[in-house]
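Sequential numbering from 2 applies to the sequence shown in the working numbering. Below you'll find the structure, written out as structure tokens, and then a few comments.
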Amino acid sequence: MFTVIQSILVYGIMVWIMTYNAKRVLIKGIVPITFKQFITNKNILFPLILFSLLAAIRWDVGVDCRSYIYGFYKEASESELAKGEILFYGIQDFFKFINLTHIPFFFTIAFIQLAFIYYGLRKKPEVLYFFPLMFVLYGTYWSYMNGMRQNIACSIFIFVILLSVERKWKWAIIWVFIATLFHRSAYVLFIIGAMAYLSKNIFLNKYIQLGIITVCYAMMGMSIWQGLEDLATEVLGFAGYEEGTQEHLLETVFEINFGFRAYLMLFANLIVIFFSKEIKKFYNSTHFNIMYNLYFVGVCVWVLFYGNHGIERISMYLTIFIPVIIAATLYYLYKNRRNQIYKLCFYAIIILLSVRTLYDCDAATKSGFDTVNYKTIFSQEITFN
2 MFTVIQSILV
12 YGIMVWIMTY
22 NAKRVLIKGI
32 VPITFKQFIT
42 NKNILFPLIL
52 FSLLAAIRWD
62 VGVDCRSYIY
72 GFYKEASESE
82 LAKGEILFYG
92 IQDFFKFINL
102 THIPFFFTIA
112 FIQLAFIYYG
122 LRKKPEVLYF
132 FPLMFVLYGT
142 YWSYMNGMRQ
152 NIACSIFIFV
162 ILLSVERKWK
172 WAIIWVFIAT
182 LFHRSAYVLF
192 IIGAMAYLSK
202 NIFLNKYIQL
212 GIITVCYAMM
222 GMSIWQGLED
232 LATEVLGFAG
242 YEEGTQEHLL
252 ETVFEINFGF
262 RAYLMLFANL
272 IVIFFSKEIK
282 KFYNSTHFNI
292 MYNLYFVGVC
302 VWVLFYGNHG
312 IERISMYLTI
322 FIPVIIAATL
332 YYLYKNRRNQ
342 IYKLCFYAII
352 ILLSVRTLYD
362 CDAATKSGFD
372 TVNYKTIFSQ
382 EITFN
């Protein structure tokens with residue numbers, strides 16, 4: 002129970018401070034145009050530093066995170082060097098070269114992750130207002146210091162979408178290539194990004210969207226993924242996963258059903274979809290349309306292939322937009338809260354995802370492998386043999 006209370010306090014304070022600073026940015030109405038304006042804005046810089054510090058000293062985030070910690074203190078293997086992810090391992094080697102611990106390295110990685118999200122959304126400060134809350138409550142935060150390399154690529158993709166909207170094609174291509182130097186799977190962003198841009202004028206009726214979600218739910222558990230197994234295997238192989246790991250990811254179905262927590266997340270997304278037409282009109286931009294389309298496809302994939310770890314890894318470039326679009330929806334509902342239905346739906350989303358998060362924290366303490374609650378590395382005795 003102490004661990005849960007501690008986690009609520011740490012995550013709660015982090016979200017509150019990040020939200021307060023986002024509100025200050027919104028009130029001031031100053032959109033940073035250049036990177037210098039962005040990085041010197043104290044209401045942007047402070048949340049980035051706070052997030053990075055808390056992420057850097059977290060412990061037991063997941064299996065991948067542990068391997069990064071242990072790997073930091075060992076020589077890089079030939080398989081790691083062969084992946085070509087030279088930016089990630091280059092940053093790691095720099096901190097090893099100057100004889101620092103993994104904590105400054107993790108701080109830098111976390112800073113890069115969140116900075117690209119904030120920079121990609123800087124022209125929509127209203128979305129950033131509720132983003133910290135949704136980033137935590139939807140659970141995206143839990144993975145960000147675990148699958149660190151791919152999450153950097155996901156964050157860069159949010160920035161790439163802005164570049165594509167601004168028709169800065171050369172820079173969009175360059176940044177996708179840079180993302181591949183953190184995680185090879187980012188090569189798929191050339192395809193996903195192109196398809197997302199081409200669909201910028203497509204926005205499905207909300208009832209069609211709800212119908213598609215219903216079909217995805219009905220087809221869940223019918224092993225649809227098996228028909229895509231060969232393609233998924235090729236994608237995972239291209240991303241640098243070894244043959245045995247590919248099979249493990251695709252065959253691993255989490256030992257949970259589409260249960261209580263999943264339904265809470267689904268209902269929150271259904272509220273978003275129900276108001277999609279109004280939200281589209283409210284933001285009235287190609288940028289929002291593209292992000293929403295990626296969000297919707299991400300929700301469909303999440304429902305259809307629920308529990309398949311391999312598909313989950315591939316679809317991360319879509320599901321990263323879920324907390325973004327839910328945050329955008331919350332701001333719309335908040336602005337129209339005088340309408341009792343809008344006010345009710347605003348609180349419904351927050352309550353649904355809050356209950357889901359509390360359930361996650363409590364269940365994690367009983368699971369024997371708690372990667373959700375907040376713990377620091379300073380309370381651990383770690384040996385590197």
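Backbone N, C-alpha and C fix where the C-beta goes; we use that ideal spot for every residue, glycine too. Treat the numbers as computed from the prediction; the structure is a model and nothing was measured.
Separation of residue 346 from residue 15, as counted between CA atoms: As a working mapping, residue 15 is identified with position 14 in the sequence shown. As a working mapping, residue 346 is identified with position 345 in the sequence shown. If I take the Cα positions, the gap works out to 25 Å.
Beta-carbon gap between residue 59 and residue 146 smaller than 7 Å: For the purposes of this step, residue 59 is taken as the residue at position 58 of the sequence shown. For the purposes of this step, residue 146 is taken as the residue at position 145 of the sequence shown. Yes; because the gap between Cβ atoms is below 7 Å, this pair is in contact.
Local conformation of residue 377 per DSSP, three classes: The residue labelled residue 377 in the question sits at position 376 within the sequence shown. It is a strand residue.
Cβ pair residue 22, residue 39 closer than 7 Å: Stepping through the sequence shown from its first residue, residue 22 is reached at position 21. Stepping through the sequence shown from its first residue, residue 39 is reached at position 38. With respect to the 7 Å criterion, residue 22 and residue 39 are not classified as neighbours on the basis of their beta carbons.
Cβ shell of residue 316 (< 8 Å), same chain only, five flanking positions each side left out: Taking the first residue of the sequence shown as 1, we reach residue 316 at position 315. Only 299, 302, 303 and 306 meet the Cβ criterion.
Between the CA atoms of residue 357 and residue 138 - distance to the nearest angstrom: Position 137 of the sequence shown, counted from the first residue, corresponds to residue 138. Position 356 of the sequence shown, counted from the first residue, corresponds to residue 357. Each residue's alpha carbon lies about 8 Å from the other.
Beta bridge counterpart(s) of residue 202 as assigned by DSSP: Residue numbering aside, residue 202 sits at position 201 when the sequence shown is read from its first letter. Residue 202 pairs with nothing; no bridge assigned.
CB contact flag (residue 133, residue 19, <7 Å): Position 132 of the sequence shown, counted from the first residue, corresponds to residue 133. Position 18 of the sequence shown, counted from the first residue, corresponds to residue 19. Yes; because the gap between Cβ atoms is below 7 Å, this pair is in contact.
Cut-off 6 Å between Cβ atoms - residues of its own chain near residue 70, not counting five sequence neighbours on either side: Sequence index remark: in the sequence shown, residue 70 carries index 69 (1-based). Cβ within range, chain order: 103.
Nearest-angstrom Cβ-Cβ length linking residue 161 and residue 129, presumed shorter than 8 Å: Taking the sequence shown and counting its residues from 1, one reaches residue 161 at position 160. Taking the sequence shown and counting its residues from 1, one reaches residue 129 at position 128. Wrong, their Cβ atoms sit about 18 Å apart, outside the cutoff.
Distance CB(residue 52)-CB(residue 10) smaller than 7 Å: Against the sequence shown, residue 52 aligns to sequence position 51. Against the sequence shown, residue 10 aligns to sequence position 9. Contact flag unset, no.
Check: residue 67 C-beta below 6 Å from any heavy atom of the ligand ADP: With respect to small molecules bound, the structure shown includes none, and the ligand ADP cannot be examined in it.
Inter-residue spacing [alpha-carbon to alpha-carbon] between residue 330 and residue 284: As a position in the sequence shown, residue 330 is number 329, starting the count at 1. As a position in the sequence shown, residue 284 is number 283, starting the count at 1. If I take the Cα positions, the gap works out to 10 Å.
Reference residue 217; option with closest CA among 272, 297 and 178: If you number the sequence shown from 1, residue 217 lands on position 216. Selected option, being the one with the closest Cα: 297.
Endpoints, alpha helix (DSSP H) assigned at residue 316: Along the sequence shown, read from residue 1 onward, the residue named residue 316 stands at position 315. Taken as a continuous stretch (DSSP letters only), residue 316 belongs to no alpha helix (DSSP H), as it is neither H nor E.
Three-state secondary structure (DSSP) of residue 340: Reading the sequence shown from its first residue, position 339 is the one you call residue 340. It is coil, neither helix nor strand.
Backbone CA spacing between residue 258 and residue 308 [nearest angstrom]: The residue labelled residue 258 in the question sits at position 257 within the sequence shown. The residue labelled residue 308 in the question sits at position 307 within the sequence shown. So the alpha carbons of these two residues sit roughly 8 Å apart.
Stretch-stretch touch, CB-based, cutoff 8 Å, three pairs: the region 261-270 with the region 279-294: The answer is no - the region 279-294 does not touch the region 261-270, with fewer than three Cβ pairs under 8 Å.
Those runs of the alpha helix (DSSP H) which lie wholly inside the region 260-285 and span at least 4 residues: 261-275 and 277-284
Inter-stretch contact (C-beta, 8 Å, three-pair minimum) for the region 318-325 and the region 151-161: yes
Endpoints, the alpha helix (DSSP H) within which residue 154 is located: Here residue 154 is taken as the residue at index 153 of the sequence shown, counted from 1. In the DSSP assignment, residue 154 falls within the unbroken alpha helix (DSSP H) covering 149-166.
Nearest to residue 118 (by Cα), restricted to the options 325, 362 and 371: Residue numbering aside, residue 118 sits at position 117 when the sequence shown is read from its first letter. The option with the nearest alpha carbon to residue 118 is 325.
Inter-residue spacing [alpha-carbon to alpha-carbon] between residue 187 and residue 339: One-based indexing of the sequence shown puts residue 187 at position 186. One-based indexing of the sequence shown puts residue 339 at position 338. Rounded to whole angstroms, residue 187 to residue 339 spans 43 Å at the Cα level.
Cβ-based neighbour list, residue 27, same chain, cut-off 8 Å, excluding 5 preceding and 5 following: Taking the sequence shown and counting its residues from 1, one reaches residue 27 at position 26. Cβ within range, chain order: 126, 127, 129 and 130.
Pairwise C-alpha distance: residue 360 and residue 310: If you number the sequence shown from 1, residue 310 lands on position 309. If you number the sequence shown from 1, residue 360 lands on position 359. Using only the alpha carbons, I get a separation of about 21 Å.
Buried versus exposed, by CB contacts within 10 Å (16 or more), residue 376: One-based indexing of the sequence shown puts residue 376 at position 375. By the 10 Å Cβ count, residue 376 comes out buried.
Cα-Cα separation, residue 111 to residue 99: As a first step, residue 111 is located in the sequence shown; it is residue number 110 there, counting from the start. As a first step, residue 99 is located in the sequence shown; it is residue number 98 there, counting from the start. Going by the C-alpha atoms only, they are around 19 Å apart.
Reduced DSSP category for residue 309 - H, G, I as helix; E, B as strand; rest coil: The residue you call residue 309 lines up with position 308 of the sequence shown. Residue state, collapsed to three classes: strand.
Rounded C-alpha distance that separates residue 36 from residue 44: Start at 1 with the first residue of the sequence shown, and residue 36 comes out as number 35. Start at 1 with the first residue of the sequence shown, and residue 44 comes out as number 43. Answer to the nearest angstrom: the Cα atoms are 14 Å apart.
Of the listed residues 353, 200, 322 and 31, nearest to residue 262 (C-alpha basis): Taking the sequence shown and counting its residues from 1, one reaches residue 262 at position 261. Per the Cα distances, 353.
Residue interval of the alpha helix (DSSP H) (run including residue 19): Here the question's residue 19 lines up with position 18 in the sequence shown. Element bounds for residue 19: 3-29.
Straight-line gap, residue 85 to residue 183 (C-alpha atoms, nearest Å): Working through the sequence shown from its first residue, we reach residue 85 at position 84. Working through the sequence shown from its first residue, we reach residue 183 at position 182. Cα-Cα distance, rounded: 8 Å.
Burial state of residue 260 (16 or more Cβ within 10 Å): To locate residue 260, count along the sequence shown from 1; it is residue 259. Exposed, because fewer than 16 other Cβ atoms sit within 10 Å of the Cβ of residue 260.
Contacting residues, own chain, Cβ-Cβ under 8 Å from residue 350 (five flanking each side not counted): Counting from 1 along the sequence shown, the entry for residue 350 is found at position 349. If we look at residue 350 and ignore the five residues flanking it on each side, its Cβ neighbours are 269, 272, 273, 327, 330, 331 and 334.
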